[in-house]
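Asks:
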Ligand SMILES: [Zn+2]
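Numbering (our numbering), first residue to last: 379 to 974.
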């Protein structure tokens, strides 16, 4: 006996065998049981969800010798022939084919007058009915308006909105649902067990998910895998035959992103390439997983329902808890554009790897609103200086003019010298003292502020003194600083209401610290269109970003200076990265990255 494909062999024969459409089948059974039988039905829903199958069962229910019956006997001539699609009184017409369109006139309209040959009803099952031409619809409408009592129309469509209202208003309309992956997997399990196939849950879940709500597709996929793998089916077999990407691989990729472990992310990418996966498909499946993560984060209650595969819930929840909603939305966008890039790429793998890196980076982005809050609430907490700081004698070299490239673009347009949001606190903390002091300096000696103060590597404020630190390479600045020091001290005294010493120091950065600055700056420039650097300590970062030359880079002395820029130039919905390098504290480094 020849092999019968699963979709046919397992085609439901009774209403209660139709998977995932209980509301529809229950209503139909009730209607038949109570003798209220409409003359036209519209079955709408995605492909493979059981519309035509339900129509056939309904035809059997109407025409069974023991009927009309909600439970057709399944053994009478009518039941058997309808199930096999060869009952002379039940006509199946595919409106998508040319013959189907012609048939409407010739078969349907002409056939209406003829009474059924054997059965109780003449049934017309019209598949893809939305494909009919307007003329055909008109012809059909006339038949539906005044059908002979022995005629029933069952129209199936994937596109309900294309059916004229005149047809809909004369029909009972049933909307079929997409079958959940969980329901499909359960049915595949029933089939596999009955067929004595040793299939793993993960393998069946993978098939079910790829079927996108179509039981028919799922069954034919299982057919294919069985033909290749025989009676033992695991994820690898499914993956090899159908080219599907195993969920484990996807989870591992996202876990690498969460851990910011680029090396292991690349290793998993290697495996995907070796397994012969189309990287676009991997990206698409990643989107699907991100969407699942979104579901568990947004609506944990739904995570228990059919959307998610059996046994994945905990893993999803654990992983989901490590992403913010914003993270996931951005990841979704990132994956969508990566799919486009990979499609056109000469080396898809490079783009895939870059996508992973970008994703790791994106996770650090915080919403602009959050950044603004941080900036507003920030009070710098100066670290006490350890003995590592070495005082160096001021070199007597005459002051050289500042190289123009070094001139920081400190917002010179600001009319008010006083930083906003710093209105005289009752008990000024050190942080506010620093801000008010710097604002005074900027107001009183703007050029000095822009050329010297802004170049200081760091400015520390303690109870009795303010210390400016310059890099040894900035000796010339130090000279200018010394000349202005008396004015600085009087300004500080005026601001603080007490005597404050102002000191200038020279100090080398630790090699590691400098390297850290440089890396962050380069990376920032590589990732962003606009890099905003705040604070003297981040100067090397700023310089590295400028040297990279790939992003617009701006420097600000205080977070408050950057706020107007953020407010004016970033659009709502832009994102900004706040990232303190390991070497530098958050309050002095804000590199703001504008995400696309
Ligand atoms: Zn029967």
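Cβ coordinates follow ideal geometry from the N, Cα and C atoms, glycine included.
Keep in mind it's a predicted model, so treat the numbers as computed, not measured.
At which residues does the alpha helix (DSSP H) containing residue 882 begin and terminate?
Replies: Against the chain shown, residue 882 aligns to sequence position 504. Where residue 882 is concerned, there is no enclosing alpha helix (DSSP H), although the beta strand (DSSP E) it sits in stretches over 879-884.
Asks: Determine the closest residue to residue 437 out of 406, 425 and 424, with distance taken between C-alpha atoms.
Replies: Residue 437 sits at position 59 when you count from the first residue of the chain shown. For residue 437, the nearest C-alpha among the options comes from 406.
Asks: Can you tell me whether residue 522 is buried or exposed, with buried defined as 16 or more other CB within 10 angstroms of its CB?
Replies: Indexing the chain shown from 1 puts residue 522 at position 144. Residue 522 is buried by the Cβ-count criterion.
Asks: Here's the rule: buried if 16 or more other CB atoms are within 10 angstroms of the residue's CB, otherwise exposed. What is residue 475?
Replies: Here residue 475 is taken as the residue at index 97 of the chain shown, counted from 1. Exposed is the call here.
Asks: Could you spell out where the alpha helix (DSSP H) holding residue 632 opens and where it closes?
Replies: As a working note, residue 632 is residue 254 in the chain shown. Residue 632 -> alpha helix (DSSP H) spans 625-636.
Asks: Any heavy atom of ligand 1 closer than 6 Å to the beta-carbon of residue 525?
Replies: To locate residue 525, count along the chain shown from 1; it is residue 147. No, the Cβ of residue 525 stays beyond 6 Å of every heavy atom of ligand 1.
Asks: Under 7 Å between the Cβ atoms of residue 537 and residue 503?
Replies: Here residue 537 is taken as the residue at index 159 of the chain shown, counted from 1. Here residue 503 is taken as the residue at index 125 of the chain shown, counted from 1. No, the pair does not count as a contact, with Cβ atoms beyond the cut-off.
Asks: Say the cut is 6 Å; is the CB of residue 427 nearer than that to a heavy atom of ligand 1?
Replies: Translated into the one-based positions of the chain shown, residue 427 becomes position 49. It does not: the Cβ of residue 427 is nowhere closer than 6 Å to a heavy atom of ligand 1.
Asks: Could you check if residue 920 is buried or exposed, using at least 16 other CB atoms within 10 Å of its CB as the buried criterion?
Replies: Counting from one through the chain shown, the residue named residue 920 turns up at place 542. Classification of residue 920: buried, given that the 10 Å Cβ count is 16 or more.
Asks: By how many angstroms is the C-alpha of residue 879 removed from the C-alpha of residue 825?
Replies: Here residue 825 is taken as the residue at index 447 of the chain shown, counted from 1. Here residue 879 is taken as the residue at index 501 of the chain shown, counted from 1. Each residue's Cα considered, the two are about 22 Å apart.
Asks: Using the Cα positions of residue 675 and residue 592, report the straight-line distance between them to the nearest angstrom.
Replies: Walking along the chain shown from the start, residue 675 turns up at place 297. Walking along the chain shown from the start, residue 592 turns up at place 214. Rounded to the nearest angstrom, the two C-alpha atoms are 26 Å apart.
Asks: Unbroken beta strand (DSSP E) runs of length 3 or more, entirely within the region 550-583: which are they?
Replies: 550-553, all fully within the region 550-583.
Asks: Does residue 502 come out as helix, strand or coil in the three-state DSSP assignment?
Replies: Residue numbering aside, residue 502 sits at position 124 when the chain shown is read from its first letter. Of the three classes helix, strand and coil, the one that applies to residue 502 here is strand, per DSSP.
Asks: If I'm right that residue 582 touches residue 563 with Cβ under 8 Å, what's the distance once you round it to whole angstroms?
Replies: Here residue 582 refers to the residue found at position 204 of the chain shown. Here residue 563 refers to the residue found at position 185 of the chain shown. About 5 Å separates the two Cβ atoms, so the contact holds.
Asks: Could you tell me whether any non-hydrogen atom of ligand 1 is closer than 6 Å to the CB of residue 450?
Replies: Along the chain shown, one-based indexing puts residue 450 at 72. Under cutoff, so the answer is yes.
Asks: Assuming residue 585 and residue 609 are in contact, meaning their beta carbons sit under 8 Å apart, how far apart are those beta carbons, in whole angstroms?
Replies: Walking along the chain shown from the start, residue 585 turns up at place 207. Walking along the chain shown from the start, residue 609 turns up at place 231. That pair is no contact at about 16 Å.
Asks: Which same chain residues, not among the five before or five after residue 827, have their C-beta less than 7 Å away from its C-beta?
Replies: One-based indexing of the chain shown puts residue 827 at position 449. Once the five neighbours on either side are set aside, the close Cβ partners of residue 827 are 819 and 820.
Asks: If you compare alpha carbons, which of 386, 403 and 651 is closest to residue 730?
Replies: Locating residue 730 in the chain shown gives position 352, where the first residue counts as 1. When each option's Cα is compared against that of residue 730, the closest is 651.
Asks: For residue 703, which residues from the same chain have a beta carbon less than 8 Å from its beta carbon, with the 5 sequence-adjacent residues on both sides left out?
Replies: Residue mapping note: residue 703 aligns to position 325 of the chain shown, counting from 1. Here the set comprises 672, 675 and 676.
Asks: To which residues of the same chain is residue 495 closer than 8 Å at the C-beta, ignoring the five residues directly before and after it?
Replies: Along the chain shown, one-based indexing puts residue 495 at 117. Closer than 8 Å at the Cβ level, and outside the excluded window around residue 495, lie 466 and 467.
Asks: By Cβ distance below 6 Å, which residues in the same chain neighbour residue 403 in space, the five residues on each side in sequence not counted?
Replies: As a working mapping, residue 403 is identified with position 25 in the chain shown. Same-chain partners within the cutoff: 393 and 396.
Asks: Hey, could you find the ends of the beta strand (DSSP E) residue 975 is sitting in?
Replies: Only positions 379 to 974 of the chain appear in this structure, which leaves residue 975 out of reach.
Asks: If distances are taken between C-alpha atoms only, which option among 670, 869 and 540 comes closest to residue 699?
Replies: Here residue 699 refers to the residue found at position 321 when the chain shown is read from its first residue. The residue with the shortest Cα to Cα distance from residue 699 is 670.
Asks: Tell me residue 837's beta-bridge partners as DSSP assigns them.
Replies: Sequence index remark: in the chain shown, residue 837 carries index 459 (1-based). 846, per the DSSP bridge assignment.
Asks: According to the neighbour-count rule (16 or more other Cβ atoms, all chains shown, within 10 Å of its Cβ), is residue 483 buried or exposed?
Replies: For this step, residue 483 is matched to residue 105 along the chain shown. Looking at its Cβ environment, which holds fewer than 16 other Cβ atoms inside 10 Å, residue 483 is exposed.
Asks: Measuring only the C-alpha atoms, how far is residue 384 from residue 390?
Replies: Along the chain shown, read from residue 1 onward, the residue named residue 384 stands at position 6. Along the chain shown, read from residue 1 onward, the residue named residue 390 stands at position 12. If you take the alpha carbons of residue 384 and residue 390, they lie about 11 Å apart.
Asks: How is residue 705 classed by DSSP in three states: helix, strand or coil?
Replies: Position 327 of the chain shown, counted from the start, is the residue given in the question as residue 705. DSSP places residue 705 in helix when its eight states are reduced to three.
Asks: From the DSSP output, in three-state form, read off residue 394 for me.
Replies: Taking the chain shown and counting its residues from 1, one reaches residue 394 at position 16. Residue state, collapsed to three classes: helix.
Asks: With 16 as the cutoff for other CB atoms within 10 Å, does residue 804 come out buried or exposed?
Replies: By 1-based counting over the chain shown, the position of residue 804 is 426. Model confidence at residue 804 stands at a pLDDT of 34, short of 50, so the residue's coordinates are unreliable and nothing is read from them.
Asks: Less than 7 Å between the C-beta atoms of residue 714 and residue 811, yes or no?
Replies: On the chain shown, residue 714 is found 336 positions in, with the first residue counted as 1. On the chain shown, residue 811 is found 433 positions in, with the first residue counted as 1. No; because the gap between Cβ atoms is not below 7 Å, this pair is not in contact.
Asks: Buried or exposed: where does residue 882 fall if 16 or more other Cβ atoms within 10 Å of its Cβ makes it buried?
Replies: If you number the chain shown from 1, residue 882 lands on position 504. By the neighbour-count rule (16 or more Cβ atoms within 10 Å), residue 882 is buried.
Asks: Can you tell me whether DSSP reads residue 415 as helix, strand or coil?
Replies: Indexing the chain shown from 1 puts residue 415 at position 37. Residue state, collapsed to three classes: coil.
Asks: Quick check: the region 447-461 against the region 406-426, are at least 3 beta-carbon pairs closer than 8 Å?
Replies: Contact holds: three or more Cβ-Cβ distances are below 8 Å.
Asks: Roughly how many angstroms separate the alpha carbons of residue 611 and residue 424, rounded to a whole number?
Replies: Counting from one through the chain shown, the residue named residue 611 turns up at place 233. Counting from one through the chain shown, the residue named residue 424 turns up at place 46. Their Cα atoms are separated by approximately 28 Å.
Asks: Taking all protein chains shown into account, decide if residue 716 is buried (16 or more other Cβ within 10 angstroms of its Cβ) or exposed.
Replies: Here residue 716 refers to the residue found at position 338 when the chain shown is read from its first residue. Classification of residue 716: buried, given that the 10 Å Cβ count is 16 or more.
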